[in-house]
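Here's the structure, in structure tokens; my notes come after.
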Amino acid sequence: MRVLVGVKRVVDYAVKVRVKPDKTGVITEGVQHSINPFDEIALEEAVKLKEKKAATEVVAFSMGGPKCQEVLRTALAKGADKAIHIEVPDADASKLEPLHVARALKKIIENDKFDAVFLGKQAIDDDANQTGSLIAGILDWPQALYASKVEPDGKYLKVTREIDGGLDTIKVSLPAVLSADLRLNEPRYATLPNIMKAKKKPLEKKSAKDLGIDVTPQTKVLEVSEPPVRQAGGFVDDVSALITKLKEKGFIKA
Ligand code: AMP
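Start counting at 1 in the sequence shown, then tack on 2, and there's your number in my numbering.
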């Protein structure tokens, strides 16, 4: 089984994002970026399948500006065999939409045979949660989203999915699209020797233009704003003072 894994370069989850003064997006210059955390989980699962001999090759894919190569090198250090960078100019990278990414994935799969696409359940920058369903729809492949357990079973994958109030176990025939949920596994760290070895692993670069992918946006961001500032709390001396306050504010009936 050959697995194609999506790794998106996003602002690191530990960074407190700040909105640009003109409210057109968030500040990304000079800000730490990393692999989208759910993509690290998807990658870890693919690498584990390779270690169990259930997968034969793991190829990491990233679409975006030139700096995507950094996350692809990290993916190679964490166990991917090869990497593919679909490059778009920096100016277009922040406007990329899930449909553009899904179309790029389709082109890669048309050029080279893959049995599965593993993605994160969502990218933490745009929280779109669309790419998995879009690529499954475009390719007419079954999808197993929000996976918390993956067991290879011949021409199938048995996938346990986290759903509201429980677990849903399904079997999908390969080729299939899978998206990783938080509890699927704990991704490994890249060790120094593996970081060094990753420098020699193949990283193929193609432009979106080469693939004939039009990255014209279909949506326009009207405004990005900070969440409302939380009001400072106050202290009350006792329960009756609390009840009086709640009545004053209209939270309970007088
Ligand atoms: P989204 O639909 O944007 O929430 O993204 C869902 C998943 O699709 C991510 O967790 C990645 O695995 C993959 N993905 C989205 N955008 C990209 C990208 N530009 N490059 C590589 N993978 C991506």
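For each residue, glycine too, the CB sits at the ideal point set by N, CA and C. Treat the numbers as computed from the prediction; the structure is a model and nothing was measured.
- For the segment 4–36, the full-length beta strand (DSSP E) segments reaching 3 residues or more read 4–8, 11–13 along the chain.
- For aspartate 170, there is no enclosing alpha helix (DSSP H); the residue is found in the beta strand (DSSP E) stretching over 168–175.
- Secondary structure note for leucine 205: it is in no alpha helix (DSSP H), and the uninterrupted beta strand (DSSP E) holding it is 205–209.
- Bounds of the alpha helix (DSSP H) holding arginine 105 are 100–113.
- About 6 Å separates the beta carbon of leucine 136 from that of proline 100, a gap short enough to meet the 8 Å contact definition.
- Alanine 85 is not a Cβ neighbour of leucine 45, given a cutoff of 7 Å.
- In the assembly as shown, alanine 57 is a buried residue. Its beta-carbon has 16 or more other beta-carbons within 10 Å.
- Lysine 157 is bridged by DSSP to nothing; it lacks a bridge partner.
- When only Cα atoms are considered, lysine 151 and lysine 108 end up about 25 Å apart.
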